[in-house]
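Residue 3 in numbering that gives the first Met the number 0 is what sits at position 4 of the sequence shown, and the numbering runs on without skipping anything.
Glycine residues also receive a C-beta, built at the ideal position from the N, C-alpha and C atoms.
Data first, discussion second: the structure below is written as structure tokens.
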Amino acid sequence: MSMHEKLVSAYSSKENDQIIFDLAALLRALTREAARPANTAVI
0 MSMHEKLVSA YSSKENDQII FDLAALLRAL TREAARPANT AVI
């Protein structure tokens with residue numbers, strides 16, 4: 000599966016899909032925060 004394909008499940012629901020999207024956004028934000036140089040921390 001390529002990075003740009005959509006995830007499809009016969010058992011998915013809007014609620015479950017939203018949870019996955021929210022978790023992906025959280026992981027992306029945490030990764031960016033962890034990768035940020037120490038001298039640019041948000042105050």
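Rounded to the nearest angstrom, what separates residue i and residue j at their Cα positions?
i: GLU32; j: TYR10; result: 33 Å
i: ASN38; j: ALA24; result: 24 Å
i: PHE20; j: LEU26; result: 10 Å
i: ALA28; j: ILE18; result: 15 Å
i: ASN15; j: LEU22; result: 11 Å
Which residue marks the beginning of the alpha helix (DSSP H) containing residue i, and which one marks its end?
i: ARG27; result: 13-34
Leaving out the 5 sequence neighbours to the left and right, which residues in its chain are closer than 8 Å to residue i when beta-carbon positions are compared?
i: LYS13; result: none
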